[in-house]
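K.L.:
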Amino acid sequence: MTQDKILVIGSNSFSGSHFVNHALQQNYKVWGVSRSNEPSDPFLAYKWEKNNLTRFTFDQYNINTDITELIDKIKVVKPNFIVNFAAQGMVAESWSNPQHWYQTNLVSQVMLHDELRKMSFLQKYVHVTTPEVYGSTENGWIKENNHFNPSTPYAVSRAACDMHLMSFFKTYEFPVVFTRSANVYGPGQQLYRIIPKTILSAKSKKKMRLHGGGSSERSFIHIKDVVDGTLKIMLQASPGSSWHLSTKKKISIKELVFKICSISGVKPNEIVEVEAERLGKDQSYLLDSETARSKLNWSDKISLDQGILETMAWIDNNFEQLSNEPWEYIHKS
2 MTQDKILVIG
12 SNSFSGSHFV
22 NHALQQNYKV
32 WGVSRSNEPS
42 DPFLAYKWEK
52 NNLTRFTFDQ
62 YNINTDITEL
72 IDKIKVVKPN
82 FIVNFAAQGM
92 VAESWSNPQH
102 WYQTNLVSQV
112 MLHDELRKMS
122 FLQKYVHVTT
132 PEVYGSTENG
142 WIKENNHFNP
152 STPYAVSRAA
162 CDMHLMSFFK
172 TYEFPVVFTR
182 SANVYGPGQQ
192 LYRIIPKTIL
202 SAKSKKKMRL
212 HGGGSSERSF
222 IHIKDVVDGT
232 LKIMLQASPG
242 SSWHLSTKKK
252 ISIKELVFKI
262 CSISGVKPNE
272 IVEVEAERLG
282 KDQSYLLDSE
292 TARSKLNWSD
302 KISLDQGILE
312 TMAWIDNNFE
322 QLSNEPWEYI
332 HKS
């Protein structure tokens, strides 16, 4: 059994909780931190299976307000690896309060990284970032060296943090690696995201908004494939490198919604209301993942149809509790 310790920042997030689950299954000791206390069990993947939770410790720290306490605790825990999922998400809402996105995604991160670079026990720092730093990828599937062209406050805040970390790598040899995954989904995802929202709408016959008629294209990848790749990157990737985790298939949001409606046995016009496109919406995020496939022996294994059925089963099994949860995004500063 390995004695390596992993600190997961943002362990309460959808991706963070699935990564904790995967790391526990691989016998790591895991310490999780998030700004909010642990949510209900349906949203915490590491509580669904027979994991040894004695190897998992959770502490509540807000990167914006508890940075000193978090740094002090890291010095005590001395993790070998840190995987950071923490970020202020939701692209559309970043226009309303851009200062919150810059504070969480850049300023507080810089303060954290400036302390982490001094910690000799840290072997690898995995920064989970976003394809939105590239802007819309309308010219086809792009590689990791594509130039940044962010188009929203959210994307700008993430791109700025990525560039800051590269400066730390070049100047201090800070052991950072970057991961970018295109449209992650699966059981346990926040209910305002397109796949669970469509499933819930189909199941309850409640109307949902489809911005811009759903013309934008995405490549949806199951969370289990993503965390498998993230762990491989943590262990094998050279500092300073960037990695894409994506399927090789694309689908428009409209096609995705219609697919879920078909599986659910409802007609799209029963639940879909078309609205104007969101401000700064990129047409597509298409990531070339050949580097991860060839160098890490990684591949996506779960098809979109299979993943939708898994997510449907999760919603069915927890529908009573999920019905009492908010189905729309609630902003936290």
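Heads up: take any position in the sequence shown, counting from 1, add 1, and you land on the numbering used here.
Here a beta-carbon is modelled for each residue, glycine too, at the ideal position from N, C-alpha and C.
Give the straight-line distance between the Cα atoms of M2 and T58, rounded to the nearest whole angstrom.
P.N.:
With a pLDDT of 43 at M2, under the threshold of 50, the modelled position of that residue is not reliable, and the figure given next carries that caveat. Looking at the two C-alpha atoms, the distance is approximately 18 Å.
K.L.:
Would you kindly report the start and end of the unbroken alpha helix (DSSP H) that includes S41?
P.N.:
Taken as a continuous stretch (DSSP letters only), S41 belongs to no alpha helix (DSSP H), as it is neither H nor E.
K.L.:
For Q61, list the residues DSSP reports as bridge partners.
P.N.:
Paired residues: S35.
K.L.:
Between the alpha carbons of T131 and A156, how many angstroms are there, rounded?
P.N.:
Their Cα atoms are separated by approximately 8 Å.
K.L.:
On the CB-based measure, 16 or more other CB atoms within 10 Å of its CB, does T312 come out buried or exposed?
P.N.:
T312 is buried by the Cβ-count criterion.
K.L.:
Taking 8 Å as the threshold (C-beta atoms), are V111 and M235 in contact?
P.N.:
Against a cut-off of 8 Å, the Cβ pair of V111 and M235 comes out as no contact.
K.L.:
In whole angstroms, give me the CA-to-CA distance for Q124 and H212.
P.N.:
Between Q124 and H212, the C-alpha separation is close to 43 Å.
K.L.:
Go ahead and pull the three-state DSSP assignment for M209.
P.N.:
It is a strand residue.
K.L.:
So, helix, strand or coil for E271, using DSSP?
P.N.:
Helix at E271.
K.L.:
Apart from the five residues on each side of it in sequence, which residues of its chain come closer than 8 Å, Cβ to Cβ, to M164?
P.N.:
If we look at M164 and ignore the five residues flanking it on each side, its Cβ neighbours are F149.
K.L.:
Quick check on M2: does DSSP put it in helix, strand or coil?
P.N.:
Low confidence applies to M2: its pLDDT is 43, below 50, so where it sits in the model is not reliable, and the reading given next is rough at best. Here M2 sits in coil by DSSP.
K.L.:
Taking DSSP as the reference, what is the three-state secondary structure of N85?
P.N.:
Three-state result, N85: strand.
K.L.:
Going by C-alpha distance, which of W49, R210 and Y29 is nearest W315?
P.N.:
Among W49, R210 and Y29, the Cα nearest to that of W315 belongs to W49.
K.L.:
Could you compute how far the alpha carbon of Y135 sits from the alpha carbon of I83?
P.N.:
Looking at the two C-alpha atoms, the distance is approximately 24 Å.
K.L.:
Helix, strand or coil: how does DSSP classify W244 here?
P.N.:
Strand at W244.
K.L.:
Nearest-angstrom Cα distance between K208 and K260?
P.N.:
Each residue's alpha carbon lies about 16 Å from the other.
K.L.:
Since I believe S324 is in contact with S290 (beta carbons under 8 Å), could you give me their beta-carbon distance rounded to a whole number of angstroms?
P.N.:
Contact flag wrong, Cβ pair sits at about 36 Å.
K.L.:
Helix, strand or coil, according to DSSP, for V185 in the structure here?
P.N.:
It is a strand residue.
K.L.:
How is the beta strand (DSSP E) around K171 delimited, first residue to last?
P.N.:
Per DSSP, K171 belongs to no beta strand (DSSP E); it is in the alpha helix (DSSP H), P154 to Y173.
K.L.:
Apply the 10 Å Cβ neighbour rule to A24 and answer buried if 16 or more other Cβ atoms are within range, or exposed otherwise.
P.N.:
Per the 10 Å Cβ criterion, buried.
K.L.:
Could you check the C-alpha separation between G232 and A203 for me, to the nearest Å?
P.N.:
Position check: residue 232 holds Leu in this sequence, whereas Gly was assumed. C-alpha separation (whole angstroms): 35 Å.
K.L.:
Look at the Cβ atom of D60, then the Cβ atom of K79, and state whether they are nearer than 8 Å.
P.N.:
Not a contact, by the Cβ cut-off of 8 Å.
K.L.:
Using the Cα positions of K225 and P40, report the straight-line distance between them to the nearest angstrom.
P.N.:
About 20 Å.
K.L.:
Hey, would you say V129 sits closer than 8 Å to N85, going by beta carbons?
P.N.:
Against a cut-off of 8 Å, the Cβ pair of N85 and V129 comes out as a contact.
K.L.:
Using the beta-carbon count (16 or more within 10 Å), is I196 buried or exposed?
P.N.:
Buried, since its Cβ has 16 or more Cβ neighbours within 10 Å.
K.L.:
What three-state label does DSSP hand K254 in the structure shown?
P.N.:
According to the sequence displayed, residue 254 carries Ile and not Lys. If DSSP states are grouped into helix, strand and coil, I254 belongs with the helices.
K.L.:
What is the C-beta distance between W102 and S109, in whole angstroms, given that I count them as a contact (C-beta under 8 Å)?
P.N.:
About 11 Å; that fails the 8 Å criterion.
K.L.:
Could you tell me which uninterrupted beta strand (DSSP E) segments, each at least 3 residues in length, are contained entirely in the segment 90-146, listed from first to last along the chain?
P.N.:
Complete beta strand (DSSP E) runs here, min 3: 125-129.
K.L.:
Just to confirm my understanding: we take E326, look at its own chain, exclude 5 residues before and 5 after, and list those with CB closer than 7 Å. What are they?
P.N.:
Excluding positions up to five away in sequence, the list reads L192.
K.L.:
Looking at the unbroken alpha helix (DSSP H) that takes in K296, where does it start and where does it end?
P.N.:
Counting along the chain, the alpha helix (DSSP H) containing K296 begins and ends at E291 to K296.
K.L.:
Can you grab the Cα-Cα spacing for the pair V34 / K198, in whole Å?
P.N.:
Approximately 27 Å, taken between the alpha carbons.
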